[in-house]
Amino acid sequence: MKEMKNSVLVTITGLAHYYGTKPFKVGAVIKLKKEYDNKYDDEAIRAQLPYIGTVGYIANSTYTAYSGTYSAGRLYDKIGECACAKIILITHSSAVAEVIEGCPSENMGGCVFE
Numbered sequence: 046m047k048e049m050k051n052s053v054l055v056t057i058t059g060l061a062h063y064y065g066t067k068p069f070k071v072g073a074v075i076k077l078k079k080e081y082d083n084k085y086d087d088e089a090i091r092a093q094l095p096y097i098g099t100v101g102y103i104a105n106s107t108y109t110a111y112s113g114t115y116s117a118g119r120l121y122d123k124i125g126e127c128a129c130a131k132i133i134l135i136t137h138s139s140a141v142a143e144v145i146e147g148c149p150s151e152n153m154g155g156c157v158f159e
């Protein structure tokens with residue numbers, strides 16, 4: 046698991062619609078997967094954990110993305126079908142993760158950052 050040369054940070058939001066912050070741990074790796082059939086957002090990227098599934102989405106609004114983090118729209122064309130990210134910060138309602146090159150586990154499906 047190698048960190049990006051220029052850090053790409055993302056805000057994970059919508060946690061309250063799933064499991065809250067409980068499944069998140071600083072240093073844990075999550076899978077980011079494009080959701081092509083999302084009827085609300087053409088650039089939706091879901092955040093998933095192994096064995097749990099969807100735990101939130103990459104923020105795609107100036108109201109939900111923290112300053113200094115990429116929105117889903119900005120990240121969308123920089124990844125393939127999916128990528129992985131490492132949790133670096135957890136707040137009361139969201140998390141911040143750093144997109145990483147390669148995925149450390151076969152459970153992540155071999156996603157890479159392009």
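Just so we're on the same page, the working numbering is the position in the sequence shown counted from 1, plus 45.
Beta carbons: idealized from backbone N, C-alpha and C, even for Gly.
- The beta carbon of T99 is closer than 8 Å to those of Y63, R91, A92, Q93 in its chain, skipping five residues each way along the sequence.
- Taking the Cα positions, G113 is about 30 Å away from Y96.
- Collapsing the DSSP output to three states places Y64 in coil.
- Cβ atoms of T66 and I135 come within 8 Å of each other, at about 5 Å.
- Spatial neighbours of A140 in its own chain (CB-CB distance under 6 Å, excluding positions within 5 residues in sequence) are listed in chain order as I57, F69, I132.
- Within the same chain, Cβ atoms closer than 7 Å to the Cβ of G72 are found at K131, I132, the five residues on either side in sequence being excluded.
- By the CB criterion at 8 Å, S138 and L60 fall inside the cutoff.
- The beta carbon of A117 lies closer than 6 Å to those of E88, I90, I103, N105 in the same chain, with the five residues before and after it left out.
- Shown here, Y96 sits in coil according to DSSP, grouped into three states, outside any helix or strand.
- In the DSSP assignment, A73 falls outside any beta strand (DSSP E) and carries neither an H nor an E.
- Taking 8 Å as the cut-off, the beta carbon of E143 is found closer than this to the beta carbon of S52.
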